[in-house]
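Chain order of the listed sequences is Y and X.
Take the first sequence: its letter number 302 is residue 302 in this note's numbering, and every next letter is one higher.
Take the second sequence: its letter number 204 is residue 817 in this note's numbering, and every next letter is one higher.
For every residue, glycine included, the Cβ atom is placed at its ideal position computed from N, Cα and C.
Predicted model, so just to flag it, every value in this text is computed and none were measured.
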Amino acid sequence: MSDLRFPSPHEAERIPGTEGWERMYPYYYRFTADDPKRKQYEESMFWFYDGLHYPEPMYPFDIIWDEAWFLALSQYNNRIFIVPPAKGIDHRIHNGYIYITPVPVTDAEAIPKRAEEFMKRAGYYYENWDKLHDNWESKMKEVINKLAELQIPVPPEKEDDSVVFDGIGTSTGYHLLKAYDKLIDLGILAWQYHFEFLNLGYAAYVFFVDFCQKAFPDIPLQKITQMVGGIDVIIYRPDEELKKLARLSIDLGVDDIAMNGDSAKVLKGMAESDNGKKWLAAFEKAREPWFYVSTGTGWYHHDRCWNDDLDIPLSAMKIYIEKLRKGESVDRPTQQVIEERDKLTEGYRNLLTSDEDRATFDKMLATARTVFPYVENHLFYVEHWFHSLFWNKIREVAAILKDHKFIEDIEDIWYMSRQEIKDALWDLVTAWATGSDGRGPLVWPKEIAWRKGVMEKFRQWTPPDGMGTIPETISEPFTIVLWGITSESMAQWARLKAVAEGDLDKIVGFPGSPGIVEGIVRVCRTVQEINQLQDGEILVAPTTSPSWAPAFQKIKAAITDVGGVMCHAAIVCREYGLPAVVGTGSATSRLKTGQKIRVDGSKGEIDIISEES
Amino acid sequence: MDMSRYVLPFEECDLSMVNRVGGKCASLGELLKARIPVPPGFAVTTAAYDRFLEENGLTRRILERISGIDAEDVDAVDAASTDIRAWIEAGTISEPLEDMIAENYRLLSRRARMPGIPVAVRSSATAEDLPDASFAGQQDTFLWVRGVDDLLARCKQCWSSLFTPRAIAYRGRMGFDHAQVKLSVAVQKMVRSFTAGVMFTINPATGDPATVVIDSNWGYGESVVSGEVTPDQFHVNKITMEVTKKTVSDKAIYYTTDPETDQVMKLEVEPERREAQSLLEPEITGLAELAKRIEKHYGKPMDIEWATEKSLPYKGEIYILQSRPETVWSQKKREPIEQPKSSAVEYIMAGLIKGKKVG
Numbered sequence: 001m002s003d004l005r006f007p008s009p010h011e012a013e014r015i016p017g018t019e020g021w022e023r024m025y026p027y028y029y030r031f032t033a034d035d036p037k038r039k040q041y042e043e044s045m046f047w048f049y050d051g052l053h054y055p056e057p058m059y060p061f062d063i064i065w066d067e068a069w070f071l072a073l074s075q076y077n078n079r080i081f082i083v084p085p086a087k088g089i090d091h092r093i094h095n096g097y098i099y100i101t102p103v104p105v106t107d108a109e110a111i112p113k114r115a116e117e118f119m120k121r122a123g124y125y126y127e128n129w130d131k132l133h134d135n136w137e138s139k140m141k142e143v144i145n146k147l148a149e150l151q152i153p154v155p156p157e158k159e160d161d162s163v164v165f166d167g168i169g170t171s172t173g174y175h176l177l178k179a180y181d182k183l184i185d186l187g188i189l190a191w192q193y194h195f196e197f198l199n200l201g202y203a204a205y206v207f208f209v210d211f212c213q214k215a216f217p218d219i220p221l222q223k224i225t226q227m228v229g230g231i232d233v234i235i236y237r238p239d240e241e242l243k244k245l246a247r248l249s250i251d252l253g254v255d256d257i258a259m260n261g262d263s264a265k266v267l268k269g270m271a272e273s274d275n276g277k278k279w280l281a282a283f284e285k286a287r288e289p290w291f292y293v294s295t296g297t298g299w300y301h302h303d304r305c306w307n308d309d310l311d312i313p314l315s316a317m318k319i320y321i322e323k324l325r326k327g328e329s330v331d332r333p334t335q336q337v338i339e340e341r342d343k344l345t346e347g348y349r350n351l352l353t354s355d356e357d358r359a360t361f362d363k364m365l366a367t368a369r370t371v372f373p374y375v376e377n378h379l380f381y382v383e384h385w386f387h388s389l390f391w392n393k394i395r396e397v398a399a400i401l402k403d404h405k406f407i408e409d410i411e412d413i414w415y416m417s418r419q420e421i422k423d424a425l426w427d428l429v430t431a432w433a434t435g436s437d438g439r440g441p442l443v444w445p446k447e448i449a450w451r452k453g454v455m456e457k458f459r460q461w462t463p464p465d466g467m468g469t470i471p472e473t474i475s476e477p478f479t480i481v482l483w484g485i486t487s488e489s490m491a492q493w494a495r496l497k498a499v500a501e502g503d504l505d506k507i508v509g510f511p512g513s514p515g516i517v518e519g520i521v522r523v524c525r526t527v528q529e530i531n532q533l534q535d536g537e538i539l540v541a542p543t544t545s546p547s548w549a550p551a552f553q554k555i556k557a558a559i560t561d562v563g564g565v566m567c568h569a570a571i572v573c574r575e576y577g578l579p580a581v582v583g584t585g586s587a588t589s590r591l592k593t594g595q596k597i598r599v600d601g602s603k604g605e606i607d608i609i610s611e612e613s
Numbered sequence: 614m615d616m617s618r619y620v621l622p623f624e625e626c627d628l629s630m631v632n633r634v635g636g637k638c639a640s641l642g643e644l645l646k647a648r649i650p651v652p653p654g655f656a657v658t659t660a661a662y663d664r665f666l667e668e669n670g671l672t673r674r675i676l677e678r679i680s681g682i683d684a685e686d687v688d689a690v691d692a693a694s695t696d697i698r699a700w701i702e703a704g705t706i707s708e709p710l711e712d713m714i715a716e717n718y719r720l721l722s723r724r725a726r727m728p729g730i731p732v733a734v735r736s737s738a739t740a741e742d743l744p745d746a747s748f749a750g751q752q753d754t755f756l757w758v759r760g761v762d763d764l765l766a767r768c769k770q771c772w773s774s775l776f777t778p779r780a781i782a783y784r785g786r787m788g789f790d791h792a793q794v795k796l797s798v799a800v801q802k803m804v805r806s807f808t809a810g811v812m813f814t815i816n817p818a819t820g821d822p823a824t825v826v827i828d829s830n831w832g833y834g835e836s837v838v839s840g841e842v843t844p845d846q847f848h849v850n851k852i853t854m855e856v857t858k859k860t861v862s863d864k865a866i867y868y869t870t871d872p873e874t875d876q877v878m879k880l881e882v883e884p885e886r887r888e889a890q891s892l893l894e895p896e897i898t899g900l901a902e903l904a905k906r907i908e909k910h911y912g913k914p915m916d917i918e919w920a921t922e923k924s925l926p927y928k929g930e931i932y933i934l935q936s937r938p939e940t941v942w943s944q945k946k947r948e949p950i951e952q953p954k955s956s957a958v959e960y961i962m963a964g965l966i967k968g969k970k971v972g
C-alpha cells in the first residue's frame, strides 16, 4: 500500500468563495490544527470519505442523522457491548463531505478485560436474539407511532378559549418549541435503536465472511451473501404489495382504471365502482406502512417516499399489470433462490476437509443467518418508514417559519442546522408572543442564499477518498462490512483512479452480481424515470432502493454510482440473476442513454462499445 | 503363458498395481473406472521388462556396471549410461513377448478402426507419479509411433530411459535401489489434439478448493507443460460451474503433427489465432466437470493433463491424458481454519481481536 498516499486533513483543499462554510455544521466536526494534540490525533488517523451514505454534500439539517449514528454506533461498540479491539467511529466534515475513522483500542492490556465484558454482553444478545429482536420491533413501532401522532402546533392569532377555561397554563408558542424538541428527540431515539443489533449483526457476518475467505480464497463476497441472505426480508415487501395490487385490479376487473397511472385519476376512477372501492381498501391498507418506502436511501430530505407521490407506485404497478395481462409471471423466483442458496451452501461445506471446519462453518452460518434479516430489515423501519414521516414533520415546522418570513421556501429549512432551527423558533415564538418583529427574516433568507451557493461549490468539488494515515489493521466491523475498507479496497480505489484518468471507454466499480451482457443504456436519475425503461435495457442509476423494484423486471443489468456488494441493486440483481456493477462513482454522469455497453458483473467493469444503439 | 502378466489393457489397471504397470498406467486405469474419457491403450508391465532383461542376460550385468559409481561423478555416470542404454536397445524382445505386444496393438487398431494406429509410447515408472519422489519428466515419451516394429523399438527405448545419466544420478543421490526401480510402458492411442493443456482441481495460486484452474493452448499440451507459452487460463467455480475468470494470452507457438510424416513439429501460431480464446465455454465447463469427477474418484486434489480432439468439424471430444495428485497444497499441514470454540460469540470475538490487515 506504500504507493497510496493521502493528504493530511489539515492541508485539504479549500474552495475559494466558500470561506466560513464551517458555521453550517457542528463545531466539533472541523479538522483543526489549533491544538497540537488534536492536530496530531487527526493526522495519525485514517479518515475516509463516507460516500456510501453521502454521495452529495451534507445539508446543515440532514447532518442530524450523521450525528445520530456518530453517537449510536460508537456507544454500542465502546460503551455498551465493549467490542474488545474497537472503540467508536469518529467523524469530521470537510467542504460538506463527511469523513470518518474507526478508533482502535490502543492499549493492548485493556483488550482481555474488554473481551470478558464483550463475551457476557454480546453473548447475551446472540443467545437471546429472537426474543430481543421482537422486543426491538415493538419499541421501534412505538417510536414511529409517537412520531406519526406528534402534532406541530401553529401559533394562532389568539389562543383558544380552552387555554383559559381548562386552566391549561401554557401557550402554543411553548408547545411548538416542545413539539420540535420532541421531534428531534424521537429522531435521535430511533437511531439509538437502529444500532441495537447492527454492531453485533455485522460482527457475526464479518466473522463468517472471514472464515469463508480463509477456506476459499477465491470466493466472491456475492456468494457468501447469497449463503446467508434472507428470503423473507422486508425490502421485497413494498414491491410484493404492488404485485398483489396489480393482480387484484385484474381479478376485480378494474385494471383499466389502474393502467391510467396518474394517481388522482386512478383514485377517483376506483371510487366510482364497488369493485374499485374494494381495490381502494386494499390499496389504503398496503400504504400503511409499506408505501413509506423511500425512493432513495432515506438519508436525505429529498428522498421522497411512495406515500409522498402516489404516481410513483401507481405507474410502476402498470409494469406488473402489463406482464400479468400477457400471462407472464411477476413472482420472485424464491424457490429457485432457496435451491441455489442450499446448493451453494452444501457445495462449499462439502469442500471443507475436516469435521472441525465443518462444525465452525455450521455454527457461524447459523449465527449469520439469524442476524442477517435484522441487518436488512432495520433499514425499512428507520431509514424508510421513520425518516419519511420525519422529513414531513420538519416540513410542517418549515411551513410555520415560512409563514413568519423566516425562510422563503419550505425546502429552505434544510440549509439550517437543527440547533439553528430551535433558535429561530425561539425568535419566532417570542416575537409572536410579544407582537414585535423577529430578527429571523433579516438573517435567514440572506444566510440561506449564501449557503446554497456554498453547497453548489461543494457539489462541483470531488472529495478525496481518504485523508491522514492508513492503519495496519482494522477491527471495527462496520468499517469492514459497510465501507469495505481492506487492503483490496484500497487497491481498488487506486484502480478506480487509474482507470478514471486513463481509458475513457471503461468504467470500473464493485462486482455486485455476476454475469456478462451487452445492451443499451438507460440513465434514470430518479425513480420517476423508470417508466422510460424499455425491455432489455441496462439501468444506470445513482442508487436504487426497494421502490425501484419494478425496474428490475425489465432490465438485463444494473449499474449504480453508489453502493457495495450489500446494496439494494446488488441484492436484487443476484436474486434475478442479472449482472450488476455498483459503486462506480460516476456511471450516471459518464454514461448516456442510448449508448451500447458491455457489463461484466463478475469483474465490476463496464465498456462503452458504441455511442449509438 | 498368461498374457495379462506381461500386457494389460488400461481398463484392467488400477492403483493397486503400481508395481506392475507403473504409476501412469495405474492412474489411467483408475480414470477409466471413474468413467473418465481416456484414450484407449495398454500397459507393457514391469514383468515384461524383467523378462526382457533376463532373456538378454542384462539383469546382473547392469547392476554390476552401475554399482559403486559416484552419483556426482558426471563422466562415470555418463559412461555407464551410454553402455547400459546401448545394451538394452540392442536387446531382442523374445517372440512370445513380441506376440503379446503386437496382439494388443492390433486390438487397439481394430477398436479405433484404423490400421497401424498411431500411438504414444511413454514410460510408466513404478516410482513415478508418487507425490514424494516425483520422477516426472525423467523418462522419455515417443509420439506418433506406428506399426509393431517401431513400437517394439520404442518400448526398448523407454526401458533404456531408466538409465539416462540424470536418472542414474538422481537415484544415486536419493539412495534408491537401482534394482527396485522398474519400468512399465504405456502404449496409448494418439490424440490429434486441437487444444490441450493442464488443469488443477484446486487453485494452485491460492489453494482455493472450490476453483478449477485450466491452462490451455492450441495443439499438443507439451507447449503448456514445458512452459514454452503463456497459456490461456480459465477459472471455474466447482459449485456453480460458472467460469469466474478468463485470461486469454498471446500464444506464440504450438505443437502439432505434420499430416504427411506424422512428425510432431513446433510452429508459430497463426496471427489470427494467437490472441483468440483456445477453449469454448462448453469445453471449459466440460473439462471442469471431468476435473470434479476425477478429484472425487481419488478423494484428493489432482493435477490433470487433457486434450480436445476435433475428429469431426462439428464435434469435439475431450480426453484426459493423465492425472496425478496435486503436491503443493495437499502436503501443507492441515490446521483447522479456526481453532474450534464452543460458541458463536467466542469465534466472533477471536475474529474481532485479530482484525483485518490493511497495510
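Open item on the list: Under 8 Å, with one C-beta from each stretch per pair, do the region 54-74 of chain Y and the region 597-604 of chain Y reach the 3-pair mark?
Closed with: no
Open item on the list: Would you say residue 669 of chain X lies against chain Y (beta-carbon separation less than 7 Å)?
Closed with: Here the question's residue 669 of chain X lines up with position 56 in the second sequence. No - not a single Cβ of chain Y is within 7 Å of the one on residue 669 of chain X.
Open item on the list: I want to verify the contact list: residues of chain X whose CB lies under 8 Å from the CB of residue 347 of chain Y, in sequence order.
Closed with: Along the first sequence, one-based indexing puts residue 347 of chain Y at 347. What residue 347 of chain Y touches in chain X: 823, 851, 852 and 853.
TODO: Determine the direct distance from the alpha carbon of residue 301 of chain Y to that of residue 446 of chain Y, and round the result to whole angstroms.
DONE: Counted from its first residue, the first sequence places residue 446 of chain Y at position 446. Counted from its first residue, the first sequence places residue 301 of chain Y at position 301. Roughly 22 Å separates the two Cα atoms.
Task: DSSP three-state assignment for residue 206 of chain Y, whether helix, strand or coil - done: Position 206 of the first sequence holds residue 206 of chain Y. Three-state result, residue 206 of chain Y: helix.
Open item on the list: I'd like to know if residue 374 of chain Y contacts chain X, where contact means its C-beta is closer than 7 Å to some C-beta of that chain.
Closed with: In the first sequence, residue 374 of chain Y corresponds to position 374, counting from 1. Not a single CB atom of chain X sits nearer than 7 Å to the CB of residue 374 of chain Y.
Open item on the list: With a threshold of 7 Å between beta carbons, is residue 604 of chain Y in contact with chain A?
Closed with: Chain labels in this structure do not include chain A; the protein chains are Y and X.
Task: Same chain only: Cβ atoms within 7 Å of residue 399 of chain Y, ignoring 5 sequence neighbours per side - done: Translated into the one-based positions of the first sequence, residue 399 of chain Y becomes position 399. Around residue 399 of chain Y: 410.
Open item on the list: Restricting to Cα atoms, I'd like to know which of Y/58, Y/40, Y/542 and Y/355 is closest to residue 454 of chain Y.
Closed with: Residue numbering aside, residue 454 of chain Y sits at position 454 when the first sequence is read from its first letter. The shortest Cα separation from residue 454 of chain Y among Y/58, Y/40, Y/542 and Y/355 belongs to Y/58.
Open item on the list: Going by DSSP in three states, residue 742 of chain X sits in which element: helix, strand or coil?
Closed with: As a first step, residue 742 of chain X is located in the second sequence; it is residue number 129 there, counting from the start. Residue placement at residue 742 of chain X is flagged as unreliable, the pLDDT there being 35, under the threshold of 50; the coordinate-derived value follows with that caveat. Coil at residue 742 of chain X, not helix or strand.
- [ ] With 7 Å as the C-beta to C-beta threshold (strictly closer), list the residues of the region 205-220 of chain Y near chain X in chain order.
- [x] 206, 207, 210, 211, 214, 215, 216, 217, 218 and 219
Open item on the list: Taking the alpha-carbon of residue 828 of chain X as reference, which of X/896, X/631 and X/872 has the nearest alpha-carbon?
Closed with: As a working mapping, residue 828 of chain X is identified with position 215 in the second sequence. By alpha-carbon distance to residue 828 of chain X, the top candidate from X/896, X/631 and X/872 is X/896.
Task: Which residues DSSP lists as bridging residue 881 of chain X, in chain order - done: Indexing the second sequence from 1 puts residue 881 of chain X at position 268. Answer is X/866.
- [ ] Please check if any C-beta of chain X sits within less than 7 Å of the C-beta of residue 123 of chain Y.
- [x] Within the first sequence, residue 123 of chain Y is the residue found at index 123, counting from 1. Residue 123 of chain Y counts as touching chain X.
Open item on the list: Report the CB separation of residue 516 of chain Y from residue 600 of chain Y in whole angstroms; it is logged as a contact under 8 Å.
Closed with: In the first sequence, residue 516 of chain Y corresponds to position 516, counting from 1. In the first sequence, residue 600 of chain Y corresponds to position 600, counting from 1. Cβ-Cβ separation between residue 516 of chain Y and residue 600 of chain Y: approximately 5 Å, consistent with a contact (criterion under 8 Å).
Open item on the list: Assess contact between the region 120-133 of chain Y and the region 952-971 of chain X, defined as three or more Cβ pairs (one per stretch) separated by less than 8 Å. Is contact present?
Closed with: yes
- [ ] Please confirm whether residue 306 of chain Y and residue 291 of chain Y have their CB atoms less than 7 Å apart.
- [x] For the purposes of this step, residue 306 of chain Y is identified with residue 306 of the first sequence, where counting begins at 1. For the purposes of this step, residue 291 of chain Y is identified with residue 291 of the first sequence, where counting begins at 1. For residue 306 of chain Y and residue 291 of chain Y, yes; Cβs fall inside 7 Å.
- [ ] Compare the C-beta of residue 84 of chain Y against all C-beta atoms of chain X and say whether one is closer than 7 Å.
- [x] Numbered from its first residue, the first sequence carries residue 84 of chain Y at position 84. Chain X, which has a Cβ nearer than 7 Å to the Cβ of residue 84 of chain Y, makes this yes.
- [ ] Return the CA-CA distance between residue 471 of chain Y and residue 45 of chain Y, expressed in angstroms with no decimal places.
- [x] Counting from 1 along the first sequence, the entry for residue 471 of chain Y is found at position 471. Counting from 1 along the first sequence, the entry for residue 45 of chain Y is found at position 45. Residue 471 of chain Y and residue 45 of chain Y: Cα-Cα distance of roughly 7 Å.
Task: Residue from Y/84, Y/21, Y/66 and Y/402 with nearest C-alpha to residue 477 of chain Y - done: To locate residue 477 of chain Y, count along the first sequence from 1; it is residue 477. The shortest C-alpha separation from residue 477 of chain Y is found at Y/84.
Task: DSSP state of residue 805 of chain X mapped onto helix, strand, coil - done: If you number the second sequence from 1, residue 805 of chain X lands on position 192. Three-state result, residue 805 of chain X: coil.
TODO: State yes or no: is the C-beta of residue 218 of chain Y nearer than 6 Å to some heavy atom of the ligand SAH?
DONE: The ligand SAH is absent from the structure shown, which contains no ligands of any kind.
- [ ] Assign residue 464 of chain Y to one of three DSSP states: helix, strand, or coil.
- [x] Here residue 464 of chain Y is taken as the residue at index 464 of the first sequence, counted from 1. Three-state result, residue 464 of chain Y: coil.
TODO: Might you give, ordered along the chain, the residues of its own chain that have their beta carbon closer than 6 Å to the beta carbon of residue 304 of chain Y, omitting 5 neighbours on each side?
DONE: By one-based count along the first sequence, residue 304 of chain Y stands at place 304. Here the set comprises 295.
TODO: Output yes or no for whether 7 Å exceeds the beta carbon distance between residue 831 of chain X and residue 891 of chain X.
DONE: Within the second sequence, the letter at position 218 stands for residue 831 of chain X. Within the second sequence, the letter at position 278 stands for residue 891 of chain X. Yes; because the gap between Cβ atoms is below 7 Å, this pair is in contact.
Open item on the list: At a CB distance below 8 Å, what residues from the region 456-480 of chain Y approach chain X? Give them in sequence order.
Closed with: 470, 471, 472, 473, 474, 475, 477 and 480
Task: Meets three-Cβ-pair contact criterion under 8 Å: the region 647-664 of chain X and the region 811-825 of chain X - done: Segments in contact, no.
- [ ] Using a Cβ-Cβ cut-off of 7 Å, state whether residue 962 of chain X counts as contacting chain Y.
- [x] Along the second sequence, one-based indexing puts residue 962 of chain X at 349. Judged by the 7 Å Cβ criterion, residue 962 of chain X is in contact with chain Y.
Open item on the list: Just to confirm my understanding: we take residue 972 of chain X, look at its own chain, exclude 5 residues before and 5 after, and list those with CB closer than 8 Å. What are they?
Closed with: Taking the second sequence and counting its residues from 1, one reaches residue 972 of chain X at position 359. Note on residue 972 of chain X: pLDDT 45, under 50, position unreliable in the model; no value is reported.
Open item on the list: Taking the alpha carbon of residue 176 of chain Y as the reference point, which residue from Y/427, Y/86 and Y/276 has its own alpha carbon closest?
Closed with: Taking the first residue of the first sequence as position 1, residue 176 of chain Y is located at position 176. With distances taken between Cα atoms, residue 176 of chain Y lies closest to Y/427.
- [ ] Starting from the beta carbon of residue 892 of chain X, find every residue of chain Y whose beta carbon is closer than 8 Å, and list them in chain order.
- [x] The residue you call residue 892 of chain X lines up with position 279 of the second sequence. The contacting residues do not exist; residue 892 of chain X stays about 16 Å from chain Y at best.
Task: Contacts that residue 947 of chain X makes with chain Y (C-beta to C-beta distance below 8 Å) - done: Against the second sequence, residue 947 of chain X aligns to sequence position 334. Neighbourhood of residue 947 of chain X in chain Y, by CB distance below 8 Å: 353 and 354, in chain order.
Open item on the list: Taking the straight line between their C-alpha atoms, what separation do you get for residue 78 of chain Y and residue 67 of chain Y?
Closed with: Counting from 1 along the first sequence, the entry for residue 78 of chain Y is found at position 78. Counting from 1 along the first sequence, the entry for residue 67 of chain Y is found at position 67. Computed Cα separation, rounded: 16 Å.
Open item on the list: If I measure Cβ to Cβ from residue 910 of chain X and keep anything under 6 Å in the same chain, skipping five residues before and after, which residues do I get?
Closed with: Locating residue 910 of chain X in the second sequence gives position 297, where the first residue counts as 1. So the qualifying residues of the chain are 647.
Open item on the list: Does the CB of residue 933 of chain X have a neighbour CB from chain Y at under 7 Å?
Closed with: For the purposes of this step, residue 933 of chain X is taken as residue 320 along the second sequence, with counting starting at 1. So no, residue 933 of chain X is outside the interface.
- [ ] Please name the residue in X/765, X/812, X/861 and X/690 whose C-alpha comes closest to that of residue 703 of chain X.
- [x] By one-based count along the second sequence, residue 703 of chain X stands at place 90. Closest option to residue 703 of chain X, Cα to Cα, is X/765.
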